[in-house]
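Each remark here refers to the structure printed beneath this line.
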Amino acid sequence: MRLLITGGSGFIGSHLCRTLLAQGNTVICVDNFITGDRDNIKDLIDNPSFVLIEHDISEPLKISEKLDWILHFASPASPKDYLKHPIKTLKVGTLGTHNCLGISRLHNARFFLASTSEVYGDPAISPQPEEYWGNVNPVGVRSCYDEAKRAAEALTSAYRREHNIDTKIVRIFNTYGPSMRLDDGRVVSNFIYQALTGKNLTIYGKGDQTRSFCYIDDLVEGILKFLEVDYPGPLNLGTEFEFTILELAKQVIEVTGSTSRATFLPLPEDDPKQRRPDLSKAKKLLTWNPRIGIKEGLERTIPYFRKKLGSS
Ligand code: NAD
Ligand code: UDP
Numbered sequence: 044m045r046l047l048i049t050g051g052s053g054f055i056g057s058h059l060c061r062t063l064l065a066q067g068n069t070v071i072c073v074d075n076f077i078t079g080d081r082d083n084i085k086d087l088i089d090n091p092s093f094v095l096i097e098h099d100i101s102e103p104l105k106i107s108e109k110l111d112w113i114l115h116f117a118s119p120a121s122p123k124d125y126l127k128h129p130i131k132t133l134k135v136g137t138l139g140t141h142n143c144l145g146i147s148r149l150h151n152a153r154f155f156l157a158s159t160s161e162v163y164g165d166p167a168i169s170p171q172p173e174e175y176w177g178n179v180n181p182v183g184v185r186s187c188y189d190e191a192k193r194a195a196e197a198l199t200s201a202y203r204r205e206h207n208i209d210t211k212i213v214r215i216f217n218t219y220g221p222s223m224r225l226d227d228g229r230v231v232s233n234f235i236y237q238a239l240t241g242k243n244l245t246i247y248g249k250g251d252q253t254r255s256f257c258y259i260d261d262l263v264e265g266i267l268k269f270l271e272v273d274y275p276g277p278l279n280l281g282t283e284f285e286f287t288i289l290e291l292a293k294q295v296i297e298v299t300g301s302t303s304r305a306t307f308l309p310l311p312e313d314d315p316k317q318r319r320p321d322l323s324k325a326k327k328l329l330t331w332n333p334r335i336g337i338k339e340g341l342e343r344t345i346p347y348f349r350k351k352l353g354s355s
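Numbering follows the working numbering, in which position 124 of the sequence shown is assigned residue number 167; successive positions increment by one, without gaps.
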């Protein structure tokens, strides 16, 4: 197959590029490096089945080779990144998604949207099933991301209805692992970086807010299985291992063996209090079950951060 992956130099996108290439596919990666890291794809550049197009997907793009799939992963994803680039985030979720759907239509290719648990906002119910419509503040600081993804889902659904495009929507919950930027500001990368450099771990609020963390290999396996089944979604992917941010800090300190302590900072505006996916659909449809718990996931991630710190 020939797949176009937007955001292919980012954290999740680069893992997908590598896995899809290893399976014998041709991968065209479109990225403007706004939050991506060239190092994430440097081992792929010389692969004859890999093509890099440096381009902002919020602007139209013409591809001449026949495509089978468009996987739209381009978007700032960390709160720190999208708060820095709110308009670009809205553009890539709306105009970028529209451009990708246009490419799909032209090539009669299938379309896969990377959406997010953020479409549920600060959820009033837990765990969150796909049927839940969410609780999003449309004018809050996070709305540039949440509403962009909600619009992306709406555009995808409209193209499916009006133009019969074969589409899929995945709602990804907090995922971590090697190839995250050390300074991307997300909680797992922040804590590992702080623990390894002897800084205090920054807990926002009391640290009693919860998240469910998924290791990248489990997520990639779920995404690839989802590509194969005849189901449009939306489909939640993540884990049901829900715990507080304070508990995460303790785990990071334990696994790194750091002497760092915790420091408490104000809770950011509209920070969701809880988040855990209802995975019933994914487990049944994909016969998939995320296996890697937080301790093992941290043990697999920390060496990457150590290496990066050593070379920076
Ligand atoms: P990331 O920031 O590491 O990767 C995003 C990539 O998209 C980067 O390489 C960036 O340069 C690229 N990009 C952004 N805007 C672009 C544009 N206009 N044109 C071309 N390229 C552009 O983030 P990630 O964690 O890998 O997230 C990838 C996707 O998965 C995002 O769409 C995100 O919303 C979604 N997602 C991720 C998580 C998670 O926990 N990592 C959770 C939910 C959803
Ligand atoms: N968080 C924290 N310290 C940090 C970074 C994040 O306490 O250094 C908290 C943040 O307030 C949120 C949770 O950790 O409650 C997850 O944040 P992240 O930015 O990773 O992703 P989110 O799930 O909010 O999109």
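Cβ coordinates follow ideal geometry from the N, Cα and C atoms, glycine included. Values in this document were obtained by computation on a predicted structure and should not be read as measured data.
Limits of the alpha helix (DSSP H) - the one that residue i falls within
| i | result |
| --- | --- |
| F269 | 259-271 |
| T62 | 54-65 |
| D189 | 186-206 |
| N142 | 140-150 |
| T132 | 129-134 |
Which of helix, strand or coil DSSP assigns to residue i
| i | result |
| --- | --- |
| F307 | strand |
| I106 | coil |
| G353 | helix |
| T78 | coil |
| D175 | In the sequence on display, residue 175 carries Tyr and not Asp. Coil, per DSSP. |
| Y125 | helix |
| T302 | coil |
| G164 | strand |
Contacts around residue i, its chain only, beta-carbon distance under 8 Å, and the 5 residues preceding and following it disregarded
| i | result |
| --- | --- |
| I246 | I288, L289, A292, A305, T306, F307, L308 |
| A325 | G265, F269, L278, N279, L280, W331 |
| T140 | H115, L156, A194, A195, L198, T199 |
| N142 | I100, S101, E102, P103, L104 |
| Y175 | Y163, P166, I168 |
| P311 | P122, V184, Y247 |
| S303 | Q237, A238, G241, K242, N243, L244, I296 |
| H98 | V73, D74, N75, L104 |
| P320 | S160, P170, Q171, R214, F216, S255, N279, L280, G281, T282, E283 |
| R81 | S52 |
| Y202 | L144, S147, R148, F154, I208, T210 |
| T253 | E285, F286, T287, I288, K316, Q317, R318, R319 |
Span of the beta strand (DSSP E), counted from its first residue to its last, around residue i
| i | result |
| --- | --- |
| T245 | 244-247 |
| E97 | 93-97 |
| E285 | 285-287 |
| H115 | 112-115 |
| R319 | R319 -> no beta strand (DSSP E), and no H or E assigned at all. |
| D74 | 69-74 |
| K211 | 210-215 |
| F154 | 153-159 |
| T49 | 45-49 |
| N233 | No beta strand (DSSP E) holds N233; the alpha helix (DSSP H) holding it covers 230-239. |
| R254 | 253-255 |
| N332 | From DSSP, N332 is part of no beta strand (DSSP E); its letter is neither H nor E. |
| L225 | No beta strand (DSSP E) holds L225; DSSP gives it neither H nor E. |
| L280 | 278-280 |
Sequence-distant residues of the same chain with beta carbon closer than 6 Å to residue i, five excluded per side
| i | result |
| --- | --- |
| T282 | S255, C257, P333 |
| G79 | S52, G53 |
| I113 | L47, C143, I146, S147, A152, F154 |
| P315 | D165 |
| I96 | V73 |
| G220 | Y258, I259, T344 |
| L110 | R45, L47, H150, A152 |
Cutoff 7 Å; reference residue i; Cβ partners in own chain excluding five residues on either side
| i | result |
| --- | --- |
| L126 | V184 |
| E190 | V179, P181 |
| L63 | L46, V70 |
| R61 | L87 |
| F234 | L244, L291, A292, V295 |
| L329 | G265, K268, F269, V272 |
Check your understanding: Just checking, does the region 48-58 make contact with the region 68-84 on the three C-beta pairs under 8 Å criterion?
Key -> yes
Review point. Do the region 82-99 and the region 270-290 touch if we need at least three Cβ pairs shorter than 8 Å?
Key: no
Check your understanding: Contact between the region 225-241 and the region 164-180: three or more CB pairs below 8 Å?
Key -> no
Review point. Quick one: any contact between the region 333-349 and the region 269-277, if contact means 3 or more CB pairs under 8 Å?
Key: no
Review point. When the Cβ atoms of the region 137-148 are set against those of the region 204-223, are three or more pairs found closer than 8 Å?
Key: yes
Review point. Should the region 186-198 be regarded as contacting the region 129-143, the criterion being three or more beta carbon pairs within less than 8 Å?
Key: yes
Review point. On the three-pair Cβ rule with 8 Å, is the region 177-187 touching the region 237-251?
Key: no
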